Amino acid sequence: LSVLAATQPAWGTLIALGIFILASMWIGVLANRAVREGSFLKGFFLGNRGLGSWALALTATVQSGGTFMGYPSLVYSHGWSVALWIASYMVVPITGFGILGKRLAEISRRCGAITMPDLFRERFGSAALGLVASLFILFYMSFMMVAQFKAGALIMKISWAGTGNWSEEQKVGRYQITDAALSRVSAKQQTATALKPLAGQTFADERQLSDAVQAALKSAKVNADDEAQQVVKQLASASELTDWPYIAGLTIFTVSVVGYTLIGGFLAAVWTDLFQSVMMWFGVVILLFLSLRAVDSLKQQEAVQKNQPAVAQMNSLEFASRRAVEKTSPEFAFCPGYDGRHEGRMFLPLGLGFSFFCIWVFAGLGSPAGVVRVMACSSTTNIRRSIYLLGGYNAFIYMPLAMVCICGRALIPDLPVGKTDDIVPMMAMKVTSGLTLGQFIGGLILAAPFGAVMATVSCYLVVIASGLVRDVYQRFLRPAASQIELERLSYFVMILVGAIAVLANIRPVDYLQALVVFSGTGCGATFCVPLLMLVFWRRATVPGVFASMIAGAATMLASYVLGGVLGYGSALFGPATSFRPYYLLGVDPLIWSLGISAIAGVGVSLITRPCDDALLAKYFNAPENDASPPKLAGSPAEVSA
Amino acid sequence: MPKPAEDPVLTSARREAIIVFVTWIIATAYCIGYCAKYAYGRSIDDLKYVWGFPDWVFWGIIVPWGVCIAFSWIFASIWMRDEELGEDPPGTETVGEFGQGG
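These protein sequences, in sequence, are chains A and B.
End of the first sequence = 727 in the working numbering, gap-free, step of one.
End of the second sequence = 759 in the working numbering, gap-free, step of one.
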């Protein structure tokens, strides 16, 4: 772990990140001025439908903390197999905008929808449908938010001068066993006695702690198989050190992102997202260049040391790849991927490889954050332009990041299991050390993942706040609420969500990407088929869309209950996390969820009464035949009128 | 009574959605088919590198990715039609958020 010591953070990095945060705040203030030009809700939650092609292309898809923390962690952990895992991003630009884009933008205008639940409510004339959609969105977004805050805090922490003890666990350790911690373990007398020699020792992670407990019990000849696991959990809980730099990072991150979103709402989220997406592009390109340069330097050294001139002529990426294979195993270069824990894990069997070709496409289609941005676009010309902008952008993000992490395995080969989420920040610090203004450049590179996380959090803050304020409070609790009341409530909700996310992240989850995948696939399972029915199918009915939403969500949740809670299926299949679904026949539950959602939606629609003709004419006939739709009972429109 | 004309945005959006869906199927079939054959169950001794990438990554993912980008540009420039999206219902602004559905 000597490299950890070599990648010491410093003030230049913090200054660069500080400038980045201030720039985001300034954009929030500019957005606030623009928002004030229209009505509060439409401006604050939809930016007055003024998104151009750049803003739409670079902000409407699913780049997030997962892109810069979770995905690189997987590449580092499992090798080139992750290229197949992410490959469907090659079609995401056209599937993301080409399937639903135009119709969503059109229908949302025809009914004046501001949020995704508004769309369901108005298109089908059902307040209950809008409420159910809103509750599902709040549920899934909460998971995504939790994951993002951890990523933001980690980046702040790594750039902190004199970083926290978790990052330097070879010195201090995450778990420090004290007499007080041992006294808090409730176990049989002989077990407690056997554990006493552990006092004063430190351990980097729970696995090390578990091994030490097993060894202590064995050496004392205590047979405690029945309670060993419980003892480890208790001891881990009692001896875990508070990671203050992480807590400080979490606080600064939360205050800044909630702050600028609070100031400028949707437009602040979109404009900062655009600014941050551009920073990400530069960050990844610079990081790729510097990583290949660092590998090249290592390659030249090795060629001289081993007297192998052929090595000096080798492509740097090939050298990194070969070296990564040497440091791990040949599995690193192939599918189903390298198993760093040596427990027989199949990271990406073929069934899952196929699944991910569906996951990224359909998770993008059903993403509430993406749908809202398409609703906010200013014209179809901008939707078209977004496709080619995003195509070019993605090409410079995903495969280059994979290349950076392959270089990462060659340059930092021994990052402990559980710390691999840190690989991009670690690489940024490592490849800039020794450069003129290296710390500052490192900070600018770190701004890429930091920006991705901030952008995602600000976007989800807007979606969650609009869900609670617009779809629940205004629709059902106080339809006659004044503008100032809604404004204050929106601010309160954003602050509350930020505070909850901080509390939920004081003890962060181990695998960021598992939460991102759950949230994304959950949204896809719940909303993909209903959205397709909403935009393309006249015969879709309210009970049909209800059935489709609930069947899709229930299938997805059932798979997580079966796999993650009840422990069905192999735990050695897919990414290493206890938060995992049950993979029926080896494919991801999203595939089953989409199928069941479609069958339920179509089946129930066909046996129930079609929607009102006037409603259908409004959304499916040419504009000259436009007729005023029947107003929905209890609609805020009626109340205010 | 004559059947009312279909919304032209719906007509073009449906046609474009079908093209996109077929593109997704072709990309999936090619990538999964190629990787099934060349990325699983191979010996490291057989592995070749193309521009630094393992051969299966280059031919099974990088090349189709490039083709998809080119196709996306053609699709967005030539096949996708511009349409008038319309305006929000009157009254949405004047009554604050309390217009029809808005």
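Here a beta-carbon is modelled for each residue, glycine too, at the ideal position from N, C-alpha and C.
Computed from a predicted model, the values in this text were never measured in an experiment.
- Interface criterion met: the Cβ of ARG699 (chain B) is under 8 Å from a Cβ in chain A.
- Cα atoms of ILE333 (chain A) and ILE592 (chain A): separation of roughly 7 Å, rounded to the nearest angstrom.
- Cβ-Cβ distances below 7 Å link ALA285 (chain A) to ILE263, THR264, ASP265, LEU268 in the same chain, with the five nearest sequence neighbours on each side left out; the list follows chain order.
- Any Cβ of chain B closer than 8 Å to the Cβ of ILE445 (chain A) would place that residue at the interface, and such an atom is absent.
- Comparing C-alpha distances from CYS688 (chain B) to each of B:TRP716, B:PRO665, B:GLU673, B:PRO661 shows the shortest one belongs to B:TRP716.
- For ARG195 (chain A), the enclosing alpha helix (DSSP H) covers residues 187-197.
- Within the DSSP bridge table, the entry for PRO711 (chain B) names B:TYR706 as partners.
- For the 8 Å CB-CB criterion, PRO283 (chain A) and ILE509 (chain A) do not form a contact.
- With a threshold of 8 Å between beta carbons, ARG672 (chain B) makes no contact with chain A.
- The Cβ atoms of TYR559 (chain A) and HIS164 (chain A) do not sit closer than 8 Å to each other.
- For PRO659 (chain B), not one C-beta of chain A is nearer than 8 Å to its own C-beta.
- TRP623 (chain A) and GLU744 (chain B) have their alpha carbons spaced roughly 22 Å apart.
- Residues of chain A whose Cβ lies closer than 8 Å to the Cβ of ASP739 (chain B) are, in chain order, SER465, THR466, THR467, ARG470.
- Around the C-beta of ARG470 (chain A), 16 or more other C-beta atoms lie within 10 Å, and the residue is accordingly described as buried.
- When 9 Å is used as the limit between beta carbons, TRP730 (chain B) is near these residues of chain A: ILE473, TYR474, GLY477, GLY478, in chain order.
- No Cβ-Cβ contact shorter than 8 Å links ALA611 (chain A) with ALA567 (chain A).
- A distance below 8 Å separates the beta carbons of VAL371 (chain A) and PRO486 (chain A).
- In terms of beta-carbon proximity, LYS385 (chain A) stays away from the interface with chain B, with every pair separated by 8 Å or more.
- Using a CB distance cut-off of 8 Å, GLU388 (chain A) does not count as an interface residue toward chain B.
- Among the CB atoms of chain B, one or more fall inside 8 Å of the CB of PRO416 (chain A).
- Residues SER220, ILE223, LEU224 of the same chain have their beta carbon placed closer than 6 Å to that of GLY553 (chain A), with the five preceding and five following residues left out of the count.
- Closer than 8 Å to the CB of LYS413 (chain A) there is not a single CB belonging to chain B.
- Among the CB atoms of chain A, none fall inside 8 Å of the CB of TYR687 (chain B).
- Nearest neighbour of ALA389 (chain A) by Cα position, chosen from A:ALA398, A:ASP382, A:VAL381, turns out to be A:ALA398.
- Residue range 720-731 is occupied by the alpha helix (DSSP H) that includes TRP722 (chain B).
- The C-beta of GLU192 (chain A) has 16 or more other C-beta atoms within 10 Å across all chains shown, which makes the residue buried.
- For ARG196 (chain A), the chain B residues whose C-beta falls within less than 7 Å of its own C-beta are GLY743, listed in chain order.
- Judged by pairs of C-beta atoms under 8 Å, the stretch 484-502 of chain A does not touch the stretch 560-579 of chain A, as fewer than three such pairs exist.
- Counting only Cβ-Cβ distances below 9 Å, GLU571 (chain A) has no contacts in chain B at all, with the closest Cβ about 11 Å away.
- Between TYR346 (chain A) and THR358 (chain A) a beta carbon distance of about 6 Å is seen, short of the 8 Å cut, so the two are scored as contacting.
- Burial check for ILE113 (chain A): the Cβ neighbour count within 10 Å reaches 16 or more, so the residue is buried.
- When rounded, the separation of the alpha-carbon atoms in ILE675 (chain B) and GLY478 (chain A) is 23 Å.
- Closest by C-alpha distance to ALA273 (chain A), out of A:VAL318, A:PHE482, A:SER465, A:GLY216, is A:VAL318.
- CA-to-CA, the gap between GLN386 (chain A) and GLU404 (chain A) works out to about 14 Å.
- Against ASP664 (chain B), the close residues of chain A are GLU192, TYR705, PHE706, ASN707, ALA708, PRO709, in the order they occur along the chain (beta-carbon pairs closer than 8 Å).
- Sorting A:CYS491, A:PRO616, A:ARG270, A:GLN391 by C-alpha distance to the C-alpha of VAL631 (chain A) places A:PRO616 at the top.
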